């Protein structure tokens, strides 16, 4: 079964600092990749997604992620964080072309809590 | 997300009690899922459904039952609650390309 690893459990930054959150997955086939964000007290929202094409994906609120197939990675980046980016971030993977009823399944990483100090 | 509703928002149970977590959607999606969220473990898939009458197990199905009699509703049943089921439960609607999550139910089992 595929797994997703997020290396940092808790990241603390000051406003305007640059952000990079790591995500690695363990599946050799074709994957669809996602980053979700959960602001305090809220439900999960999609930040960005990658299916194919340009490996550099831009999402909402200035976030971007780069898919590096050779490294099985899909790291999330933002050049300059804001206090409002304080949230928990989840990387997720779907096996593209999975058969049967499993085509909709997402596997999530453990999550990274980002705290941004003003 | 206004399209996915969950009830209740909070619930406290005693060990051995049963309850049903409700999930309803007005998005007309066939695909619905239940996840549990635990600190340091992310979201783990409990059960999912690809349409009315069709359900399947996810990663952590033990202790939970589901059924899907309509497109709109996908209830999650705890038959005999255990402290290990203390968690936040999220219902999601839609396929992998974009899943819409409900607001969650915070369940505590004493």
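Protein chains in written order, with the numbering used here: chain D, 1 to 118; chain C, 1001 to 1110. Quick reminder that beta carbons are idealized off the backbone N, C-alpha and C, glycines included. None of these values were measured; they are calculated from a predicted model.
Asked	Found
Please list, in chain order, the chain C residues whose beta carbon lies closer than 8 angstroms to that of residue 32/D.	1096, 1097
When the distance is taken between beta carbons, is residue 89/D closer than 7 angstroms to residue 107/D?	no
Between residue 1037/C and the rest of its own chain, which residues show a CB-CB distance below 7 angstroms, the 5 nearest in sequence each way excluded?	1043, 1087, 1088, 1090
Taking contact to mean at least 3 C-beta pairs separated by less than 8 angstroms, is the stretch 1002-1011 of chain C in contact with the stretch 1089-1105 of chain C?	yes
Judging by CA-CA distance, which residue of 117/D, 93/D, 15/D is the nearest neighbour of residue 109/D?	93/D
Residues of chain C with CB closer than 9 angstroms to the CB of residue 9/D, please, in chain order.	1040
Taking buried to mean at least 16 other C-beta atoms within 10 Å of its own C-beta, is residue 75/D buried or exposed?	buried
Is it buried or exposed for residue 1082/C, if we count other Cβ within 10 angstroms and need 16 for buried?	exposed
Listing by chain order, which chain D residues have their CB less than 9 angstroms from the CB of residue 1090/C?	43, 44
Round the Cβ separation of residue 1052/C and residue 1069/C to the nearest angstrom and send it over; I've been treating them as touching at under 8 angstroms.	6 angstroms
Secondary structure at residue 85/D, three-state DSSP: helix, strand or coil?	helix
Would you grab the beta carbon distance between residue 1034/C and residue 1076/C for me? Rounded to a whole angstrom, and I think it's under 8 angstroms.	5 angstroms
Could you tell me which of 14/D, 17/D, 26/D sits nearest to residue 71/D, measuring between CA atoms?	26/D
Contact between the stretch 4-13 of chain D and the stretch 39-54 of chain D: three or more CB pairs below 8 angstroms?	no
Looking at the secondary structure, which residues open and close the beta strand (DSSP E) in which residue 66/D lies?	64-68
Near residue 117/D, what residues of its chain come up, given a Cβ to Cβ distance below 8 angstroms and the 5 sequence neighbours on each side ignored?	12, 13, 14, 15, 83
Please classify residue 1029/C: is it buried, with 16 or more other beta-carbons within 10 angstroms of its beta-carbon, or exposed?	buried
At which residues does the beta strand (DSSP E) containing residue 1020/C begin and terminate?	1019-1025
With which residues is residue 1068/C paired in a DSSP beta bridge?	According to DSSP, residue 1068/C bridges with nothing at all.
In three-state terms, what does DSSP make of residue 78/D?	strand
Assign residue 1037/C to one of three DSSP states: helix, strand, or coil.	strand
Have a look at 1013/C, 1095/C, 1021/C and flag the residue whose alpha-carbon is nearest the alpha-carbon of residue 1066/C.	1021/C
Any beta-carbon of chain C closer than 7 angstroms to the one on residue 114/D?	no
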